[in-house]
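K.L.:
Note that this note's numbering has the sequence shown beginning at 424, numbered continuously upward. The C-beta atom is built at its ideal place from N, Cα and C for all residues, glycine as well.
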Amino acid sequence: MSAGQPDATGSDAGQPHTHGGDSGASPAPAGQPPRHVTSSDAPAGPGNDARLAREGRRAQTSGREAQLTSSGLRPGWTTGACAAAAARAAWSALHTGNFPDPVEVELPAGRRPAFALTFEQLGDDTAMAAITKDAGDDPDVTDGAVIRATVERGRPGSGITFRAGSGVGTVTRPGLPLSVGEPAINPVPRTYIAENLAAADRSVGGNGSPDVVLTLSIDDGEQIAQRTWNPKIGILGGLSVLGTTGVVVPYSCSAWIASIHEGIDVARADGASHAAACTGSTSQRIAREFYPDVELLDMGDFAGAVLKYLHSHPLPRLTICGGFAKMSKLANGYLDLHSHRTRVDQEQLARLAREGGGDDELVAAVGAAHTASQAYQLSHDAGIELGDLVARAAARQAAITVDAPIDIEVICTDRAGTIIGRSPFTAAAH
Numbered sequence: 424m425s426a427g428q429p430d431a432t433g434s435d436a437g438q439p440h441t442h443g444g445d446s447g448a449s450p451a452p453a454g455q456p457p458r459h460v461t462s463s464d465a466p467a468g469p470g471n472d473a474r475l476a477r478e479g480r481r482a483q484t485s486g487r488e489a490q491l492t493s494s495g496l497r498p499g500w501t502t503g504a505c506a507a508a509a510a511r512a513a514w515s516a517l518h519t520g521n522f523p524d525p526v527e528v529e530l531p532a533g534r535r536p537a538f539a540l541t542f543e544q545l546g547d548d549t550a551m552a553a554i555t556k557d558a559g560d561d562p563d564v565t566d567g568a569v570i571r572a573t574v575e576r577g578r579p580g581s582g583i584t585f586r587a588g589s590g591v592g593t594v595t596r597p598g599l600p601l602s603v604g605e606p607a608i609n610p611v612p613r614t615y616i617a618e619n620l621a622a623a624d625r626s627v628g629g630n631g632s633p634d635v636v637l638t639l640s641i642d643d644g645e646q647i648a649q650r651t652w653n654p655k656i657g658i659l660g661g662l663s664v665l666g667t668t669g670v671v672v673p674y675s676c677s678a679w680i681a682s683i684h685e686g687i688d689v690a691r692a693d694g695a696s697h698a699a700a701c702t703g704s705t706s707q708r709i710a711r712e713f714y715p716d717v718e719l720l721d722m723g724d725f726a727g728a729v730l731k732y733l734h735s736h737p738l739p740r741l742t743i744c745g746g747f748a749k750m751s752k753l754a755n756g757y758l759d760l761h762s763h764r765t766r767v768d769q770e771q772l773a774r775l776a777r778e779g780g781g782d783d784e785l786v787a788a789v790g791a792a793h794t795a796s797q798a799y800q801l802s803h804d805a806g807i808e809l810g811d812l813v814a815r816a817a818a819r820q821a822a823i824t825v826d827a828p829i830d831i832e833v834i835c836t837d838r839a840g841t842i843i844g845r846s847p848f849t850a851a852a853h
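Next up, the structure:
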């Protein structure tokens, strides 16, 4: 179902931190345009124009520092927004011989940013424009990627045909929002890419219903995609073109969550009866000892995203596998397991130690422990298997949260990757 970190839907979050997510924040317009590659220069390509790509990225992001989110971080643009701008510029140039630069693009919610072009190339029957993605302050694996749009005239009445070029993936499994065989250009970006092509067509005297073959490519996209969920969920050959609003909001995590949803959707479409949601690489390694790779889901810290989505999109069984500290948070009702956002409750661990038969001295020691691992070791040395107690409590809490006919087990691991606690499958109270 998944591996690594996301790509695959929603916003460019997907292409991990994930990536950031879409929101109402709007990046500032692009700066001054860089020098371009034209048909009279060396062909634009991923290997021979690195300096120009850097120039383009600097130009696109200049003047953006003042445009910050409420967290003080710069937002950025999704792959879908960059693709729409590049496609609009290329279609205009094919008819006029001139690339609009910067090119204004129409995005959802009335945004009208302008993008500087990184590369441009004009032939007799085709035009290519490229934009270097700036994800702002989001740790997005596609930050700095060059997104290229190549257009050519289509057959009369054919409308817009989307094609996956080098570095853009193709859907190979059911359960995603696109049919098998389609290029991984998500539905919402397709809509605003089409709207921008229509606007470009009207600007050159057309009727706003262009017949165009659009090929989107992402430099080094196939390599970058190995760091995303795409290979696991059946998007092969490259990245997805994403972005429901066109804006990347730093650390919003929406793409990771969207990728969790897609992983579950793909599993359901495959007829799977079980998923194993893992918090990281160590827990994935443990889960692989019991379950096939296709059932693994990279949950990260987003237990709530898994459980809430399974409430309305259930599978018969769910395993949650993660470190002892994270599972103790889940046992305490926390659905975000990140260390910066939730803390281990040592008093809760002390209560569980007492439930397991611990005496007053042990309970006091566990409650005063500085870390979850220290609390576990104290209990273990006293003959109390706190790992099992936490796993059972976490499974009960997960069953309450999911509130659907799903049997849930929890596996706790230590930092070395050893199982230190495991619950039986617990039926949800539904």
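Let's see if you can read the secondary structure: which residues bound the beta strand (DSSP E) around S640?
P.N.:
Translated into positions along the sequence shown, residue 640 becomes position 217. Counting along the chain, the beta strand (DSSP E) containing S640 begins and ends at 635-641.
K.L.:
For P610, does the three-state DSSP call read helix, strand or coil?
P.N.:
Residue numbering aside, residue 610 sits at position 187 when the sequence shown is read from its first letter. Looking at P610 - three-state DSSP - the assignment turns out to be helix.
K.L.:
Counting Cβ pairs, one atom from each stretch, are 3 or more of them under 8 Å apart for the region 534-547 and the region 500-514?
P.N.:
Judged by Cβ distances under 8 Å, the region 534-547 makes contact with the region 500-514, as three or more pairs qualify.
K.L.:
Would S704 pass as a contact of G746 if the rule is Cβ separation under 9 Å?
P.N.:
Looking up residue 704 in the sequence shown gives position 281. Looking up residue 746 in the sequence shown gives position 323. No, they are not a contact pair.
K.L.:
For the putative contact between A798 and V789, defined by C-beta atoms under 8 Å, what is the C-beta separation to the nearest angstrom?
P.N.:
If you number the sequence shown from 1, residue 798 lands on position 375. If you number the sequence shown from 1, residue 789 lands on position 366. Right, the Cβ-Cβ distance comes to about 5 Å (below 8 Å), so this counts as a contact.
K.L.:
Might you give, ordered along the chain, the residues of its own chain that have their beta carbon closer than 6 Å to the beta carbon of Q771, omitting 5 neighbours on each side?
P.N.:
As a position in the sequence shown, residue 771 is number 348, starting the count at 1. Excluding positions up to five away in sequence, the list reads N755.
K.L.:
Scan the region 686-774 and note each continuous alpha helix (DSSP H) run of 4 residues or more that stays entirely inside, going in chain order.
P.N.:
704-711, 726-735, 747-754, all fully within the region 686-774.
K.L.:
Taking the CB atoms as reference points, tell me whether A699 and L665 lie closer together than 9 Å.
P.N.:
Position 276 of the sequence shown, counted from the start, is the residue given in the question as residue 699. Position 242 of the sequence shown, counted from the start, is the residue given in the question as residue 665. No.
K.L.:
Please classify Q649: does DSSP put it in a helix, a strand, or coil?
P.N.:
Taking the sequence shown and counting its residues from 1, one reaches residue 649 at position 226. Looking at Q649 - three-state DSSP - the assignment turns out to be coil, as it is neither helix nor strand.
K.L.:
Starting from the Cα of R596, find the closest Cα among L758, A728, D693 and give me that residue.
P.N.:
Here residue 596 corresponds to residue number 173 of the sequence shown, with the count starting at 1. Answer by Cα proximity: D693.
K.L.:
Counting C-beta neighbours from all protein chains within 10 Å, is the total for N653 16 or more, i.e. buried, or is it exposed?
P.N.:
The count along the sequence shown starts at 1 and reaches residue 653 at position 230. By the 10 Å Cβ count, N653 comes out buried.
K.L.:
Which value, in whole angstroms, describes the spacing of the CA atoms of T565 and A681?
P.N.:
Taking the first residue of the sequence shown as 1, we reach residue 565 at position 142. Taking the first residue of the sequence shown as 1, we reach residue 681 at position 258. Rounded to whole angstroms, T565 to A681 spans 17 Å at the Cα level.
K.L.:
Are the Cβ atoms of L760 and L812 separated by less than 9 Å?
P.N.:
The sequence position of residue 760 within the sequence shown is 337, counting from 1. The sequence position of residue 812 within the sequence shown is 389, counting from 1. It is not a contact, given that the beta carbons lie outside the stated cut-off.
K.L.:
Exposed or buried, R480, counting other C-beta atoms within 10 Å across all chains shown (16 or more means buried)?
P.N.:
Working through the sequence shown from its first residue, we reach residue 480 at position 57. A caution first: R480 carries a pLDDT of 43, below 50, which makes its placement in the model too unreliable to give a value.
K.L.:
For P739, does the count of other Cβ atoms within 10 angstroms reach 16, so buried, or fall short, so exposed?
P.N.:
The residue labelled residue 739 in the question sits at position 316 within the sequence shown. By the 10 Å Cβ count, P739 comes out exposed.
K.L.:
Counting C-beta neighbours from all protein chains within 10 Å, is the total for P498 16 or more, i.e. buried, or is it exposed?
P.N.:
Looking up residue 498 in the sequence shown gives position 75. Buried.
K.L.:
Output yes or no for whether 9 Å exceeds the beta carbon distance between A552 and V528.
P.N.:
Position 129 of the sequence shown, counted from the first residue, corresponds to residue 552. Position 105 of the sequence shown, counted from the first residue, corresponds to residue 528. No; because the gap between Cβ atoms is not below 9 Å, this pair is not in contact.
K.L.:
So, are the CB atoms of A818 and T849 less than 9 Å apart?
P.N.:
Sequence index remark: in the sequence shown, residue 818 carries index 395 (1-based). Sequence index remark: in the sequence shown, residue 849 carries index 426 (1-based). Against a cut-off of 9 Å, the Cβ pair of T849 and A818 comes out as a contact.
K.L.:
DSSP state of G844, grouped into three classes?
P.N.:
Against the sequence shown, residue 844 aligns to sequence position 421. Here G844 sits in strand by DSSP.
K.L.:
Terminal residues of the continuous alpha helix (DSSP H) containing T573?
P.N.:
Taking the sequence shown and counting its residues from 1, the one referred to as residue 573 is at position 150. First-last for T573: 569-576, but that is the beta strand (DSSP E), not the alpha helix (DSSP H).
K.L.:
If we count the other Cβ atoms within 10 Å of its Cβ and call it buried at 16 or more, is E718 buried or exposed?
P.N.:
Here residue 718 refers to the residue found at position 295 of the sequence shown. It counts as buried.
K.L.:
Report back the beta-carbon spacing between A512 and D524 to the nearest angstrom; my notes put them in contact at under 8 Å.
P.N.:
Here the question's residue 512 lines up with position 89 in the sequence shown. Here the question's residue 524 lines up with position 101 in the sequence shown. Sure, about 7 Å apart at Cβ, within 8 Å.
K.L.:
Measure the C-alpha to C-alpha separation of L730 and I570 and round it to an integer number of angstroms.
P.N.:
As a first step, residue 730 is located in the sequence shown; it is residue number 307 there, counting from the start. As a first step, residue 570 is located in the sequence shown; it is residue number 147 there, counting from the start. About 35 Å.
K.L.:
Starting from C676, follow the alpha helix (DSSP H) in both directions and report where the run begins and ends.
P.N.:
For the purposes of this step, residue 676 is identified with residue 253 of the sequence shown, where counting begins at 1. Element bounds for C676: n/a, residue is neither H nor E.
K.L.:
Do I369 and L599 have their C-beta atoms closer together than 9 Å?
P.N.:
Since the first residue shown for the chain is 424 and the last is 853, residue 369 is missing from the structure and cannot be characterised.
K.L.:
Helix, strand or coil for G604? Go by DSSP, reduced to three states.
P.N.:
Against the sequence shown, residue 604 aligns to sequence position 181. Residue state, collapsed to three classes: coil.
K.L.:
Measuring only the C-alpha atoms, how far is F542 from P579?
P.N.:
Your numbering for residue 542 matches position 119 in the sequence shown. Your numbering for residue 579 matches position 156 in the sequence shown. Spanning the two alpha carbons is a distance of roughly 29 Å.
K.L.:
Rank A816, L639, N619 by C-alpha distance to the C-alpha of P633 and give the top, closest one.
P.N.:
Residue numbering aside, residue 633 sits at position 210 when the sequence shown is read from its first letter. Answer by Cα proximity: N619.
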